[in-house]
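Quick notes on the structure that follows.
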Amino acid sequence: MERFRWRHGCEEIREKDGKKDKGEYWHWGFEFLTLCFCFGSGGQLATTPAVKARLLSAALFIAGGSDHVVLVAPYEVVEPLVKYMAPLKNLETEYPIIDPSFRKFCASHGIFSVEDFLIHDLYMLAAFAEQDISSERLKEGITQVLSIIDDMHQPWWNGMELLEDAKRNKHVLPTGIQGIDLLLGGGIHIGQLTELVGPSSSGKTQVCLQTASNVASNHMVLYIDTSNSFSPERIAYFLGKIIDVASAQAKNQILQKVMSNILCHSVFDIFAMFDVLHQLESHLRYQDAGGCQMRLLIVDSISLLISPVLGSSSTQGRALMLSAGYLLKKLAHQHNLAVLVINHTVGGEGGCSKPALGDSWKSIPHSRLFLSCVRGSNDYNALILKHPSMASGKAARFVI
Amino acid sequence: MEIWRLPISASQRGKLISAGYTSLSSLSSLSPSDLARELKVSEAEAMGILKAASHSRGAETSNASCSILDGAQSAWDMLHDEESLIHITTSSADLDNILGGGIHCKEVTEIGGVPGIGKTQLGMQIAVNVQIPHDFGGLSGKAIYIDTEGSFMVERAFQIAEACIEDMSEYNRFLRKDFQECKINMKPEDILENIFYFRICSYTEQIALINYLDKFISEHKDVKVVVVDSVTFHFRQDFDDMALRTRVLSGMALKLMNLAKKFSLAVVLLNQATIKHTEGSFQLALALGDSWSHTCTNRIVLYWNGNERYAYIDKSPSLRSASAAYSVTARGIRNSSSSCKRIKMM
């Protein structure tokens, strides 16, 4: 089993410190070449250690399916990952069975961290443990680690539970725009990624602002703004139409309460967006059950962040785009968020415009709405391009 | 809150726990050097741990929604910020009217139109008007003028500056008749001095300059407007790879938006017009194509209507689409009036 030998190489390098050049990695027997991940020069592609480590663990996840992995990455990229893996000795405080002698046994088989354990052939490990003098204790240790690992994975769900969860948590959020609500059967789905796509000035941002103001009266909303197009003035205007209170003072109070529920964050590159999303994820994980919960995440617009990195020559941009998409979907599913993203159009063949970001992005959103402006009037058109439960091609008109 | 919830690496967490720190409160009164000694880590690392700890503590104690994310702002706060912002006037009341008071700070505004419609004039006017002192409802800022076409005429800027000062003193007399004369000690020369002019001769220079602006503006904090005249010129000349052009342009737009937000300044991009063939008819459209049209927050199209110049709001998140007439006079951009029209017709 030569798998993942590189990792021990990293440990070695970290210990020897002075040797930090890329050449080091070739010493560790990478004669197999199945999968190759290259990270840009000096690891500059990924800005923060956390992002780097996540990229790498994503790479490892994919690589897990294949037998042998070659990882070509500069030291700065690998180093944080080495730190990221929980060493076995951290478990000792809680589980005394994982004592130094057990760790020594594991280390002799190249197991330093919990992750090493996961990918090691356990039958072989158990067989080796048999031959040892203190085999009982070692086996107990192995069982202990396995039970810890068992506790860590996501629980499985059956269909009934899923249905119940869908009934309880996965509602629709009304957008407050009649035409669109009717078209989508109530509004945008919680737990799903909805994309609005359309040419310039086709009402995309307006739909987002309107939805944000409609949802904010009961829930928190996060608005990730990449084009300075978030307009609080407009939100106040939309709310003014909804709130039906006579006295100006009471109205102002409600306005303040509702508008404090809308958070806006400006980001101007994709790495900043990753940071914000990870921060949001860690916040949502520890969010209390009570109080005002976040239910809507808007990214206006995702294509503006992605288009500078999406090039024909490199695959990094594509990888970033897809991981952004999956992260958004994961957030949507795990934390019961409705995610609304804006995409642009680009000129396609024959002068007609098509959604930007290409075919690989196309599979990411659950539903896609194409918006367009009806020339010569104040009306807008919405057309379903893709929806999990509706026929595509249905259209509706709406006014803003 | 427990240590294990801290957003730090597993090894650091392990070190903290083995050193006996289990709760956040136990970390509160520690200095970085003490912690570094105890955990046998570098001081910078200890500092990072303490920072994470104090941050989590902050998030725990204040139940205000803003603590969810660093740098996020609630819409209510933003509304108040926006109300206190001063807009840059265009010197034409009608134009200001449809723009909601003038050019907005913290936003990118694109102005486009056919040749001779007055894009450069408007650009120069804005570069002058941004310097109107606070007493006169201005921003009293400085301007950066990025000239890619070589169309900035300094004599013309001088003229506009003179007219602007004349207007201000007139306004002064009108407003403070019975008070002591508030002297305007601004000269046209001062105004010209406060316009930082960059001449750009190729698109690489343009990209380099936009990258440098961040540093320049942090050194000159009172810059309140960046005018790019025009953003199009070099990108229409020598670009073969259209995909690359899109990428470069959107990267540039993001940088400009970042500047606008960070330093709360207005960015005005001037764009050329082109003819586009859509649905069997030829239409006037702004250059640089579809993907560029998404990048600007506000878009104003200038066009001729008979003999009058009109401005039309093509795209804006907060303003309704509207149009207004304006004219270019010897004194700069002004309201369109019948007298001007007559002069033009003769």
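The listed protein sequences derive, respectively, from chains A and B. Position 145 (the first sequence) corresponds to 145 in this note's numbering; numbering is contiguous. If you want this note's numbering, it's the 1-based position in the second sequence plus 1000. Quick reminder that beta carbons are idealized off the backbone N, C-alpha and C, glycines included.
Check: A1273 of chain B and L1286 of chain B look like a contact to me (Cβ under 8 Å); what is the Cβ gap, rounded to whole Å?; Outcome: 6 Å
Check: Is the beta carbon of N1335 of chain B sitting closer than 8 Å to the one on S1092 of chain B?; Outcome: yes
Check: Hey, is the stretch 261-271 of chain A in contact with the stretch 185-202 of chain A, meaning 3+ C-beta pairs nearer than 8 Å?; Outcome: no
Check: If you run the structure through DSSP and keep just helix, strand and coil, what is K354 of chain A?; Outcome: strand
Check: T1297 of chain B: buried (16+ other C-beta within 10 angstroms of its C-beta) or exposed?; Outcome: buried
Check: Could you compute how far the alpha carbon of L357 of chain A sits from the alpha carbon of L340 of chain A?; Outcome: 16 Å
Check: Check whether the Cβ atoms of E1110 of chain B and N1305 of chain B lie closer than 8 Å to each other.; Outcome: no
Check: Using 8 Å as the Cβ pair cut-off and three pairs as the minimum, do the stretch 1236-1251 of chain B and the stretch 246-258 of chain A touch?; Outcome: no
Check: Identify, in the order they occur along the chain, each residue of the same chain with its Cβ nearer than 8 Å to the Cβ of E1308 of chain B, setting aside the five sequence neighbours on each side.; Outcome: A1325, S1327, S1336, K1341
Check: Below 8 Å between beta carbons: does that hold for M390 of chain A and G185 of chain A?; Outcome: yes
Check: Using only the alpha-carbon positions, how far apart do A395 of chain A and R1320 of chain B sit?; Outcome: 25 Å
Check: Closest by CA to A236 of chain A, which one among B:W1076, B:E1162, B:P1317?; Outcome: B:W1076
Check: Run through DSSP, which three-state label would E94 of chain A get?; Outcome: coil
Check: What does G1113 of chain B pair with, by DSSP beta-bridge criteria?; Outcome: B:Q1272, B:L1302
Check: Mind checking L1027 of chain B: buried by the 16 CB within 10 Å criterion, or exposed?; Outcome: buried
Check: Going along the chain, which unbroken runs of the alpha helix (DSSP H) with 4 or more residues stay wholly within the stretch 1192-1276 of chain B?; Outcome: 1203-1219, 1233-1237, 1242-1262
Check: S372 of chain A bridges to which residues according to DSSP?; Outcome: A:N381
Check: Under 8 Å between C-beta atoms, does M390 of chain A make it to chain B?; Outcome: no
Check: Just checking: is the beta-carbon of M259 of chain A within a distance shorter than 8 Å of some beta-carbon in chain B?; Outcome: yes
Check: So if I threshold CB-CB distances at 7 Å, which residues from the stretch 1073-1100 of chain B count as touching chain A?; Outcome: Q1073, S1074, A1075, W1076, M1078, L1079, E1082
Check: Hey, is E1045 of chain B's beta-carbon within less than 8 Å of any beta-carbon in chain A?; Outcome: no
Check: Could you tell me whether any Cβ in chain A is nearer than 8 Å to the Cβ of T1297 of chain B?; Outcome: yes
Check: D300 of chain A and C208 of chain A: beta carbons closer than 8 Å?; Outcome: yes
Check: Check whether the stretch 1159-1174 of chain B touches the stretch 1197-1206 of chain B, taking contact to mean three or more Cβ pairs, one atom from each stretch, closer than 8 Å.; Outcome: no
Check: Could you check whether the Cβ of D151 of chain A sits closer than 8 Å to any Cβ belonging to chain B?; Outcome: no
Check: For I1088 of chain B and M1257 of chain B, I'd like the C-alpha separation in whole angstroms.; Outcome: 17 Å
Check: Would you report the Cα separation of G311 of chain A and M1252 of chain B, rounded to the nearest angstrom?; Outcome: 15 Å
Check: If we ignore side chains and look at the alpha-carbon of each, how far apart do K1051 of chain B and E281 of chain A end up?; Outcome: 19 Å
Check: Given a limit of 7 Å on CB to CB distance, which residues of the stretch 1290-1316 of chain B reach chain A?; Outcome: D1290, S1291, S1293, H1294, T1295, T1297, D1314, K1315
Check: Is the separation between the beta-carbon of V1225 of chain B and that of G1141 of chain B shorter than 8 Å?; Outcome: yes
Check: Determine the DSSP secondary structure at Y84 of chain A, reduced to helix, strand or coil.; Outcome: Residue placement at Y84 of chain A cannot be trusted, given a pLDDT of 44 that sits under 50; what the coordinates show is reported in the next sentence. Looking at Y84 of chain A - three-state DSSP - the assignment turns out to be helix.
Check: Between the C-alpha atoms of C36 of chain A and R103 of chain A, what's the straight-line distance to the nearest angstrom?; Outcome: Note that C36 of chain A scores 32 on pLDDT, short of 50, meaning its location in the model is unreliable; the coordinates nonetheless yield the value given after this. Whole-angstrom Cα-Cα distance: 31 Å.
Check: Is the Cβ-Cβ distance between K386 of chain A and S360 of chain A less than 8 Å?; Outcome: no
Check: Would you please verify whether the beta carbon of L33 of chain A is less than 8 Å from any beta carbon of chain B?; Outcome: Low confidence applies here, because L33 of chain A scores a pLDDT of 27, under 50, leaving its location unreliable and the question unanswered by this model.
Check: Within the 8 Å Cβ cut-off, does M1168 of chain B reach chain A?; Outcome: no
Check: Quick one, which of B:N1185, B:F1263, B:L1288 has its alpha-carbon nearest I1217 of chain B's?; Outcome: B:F1263
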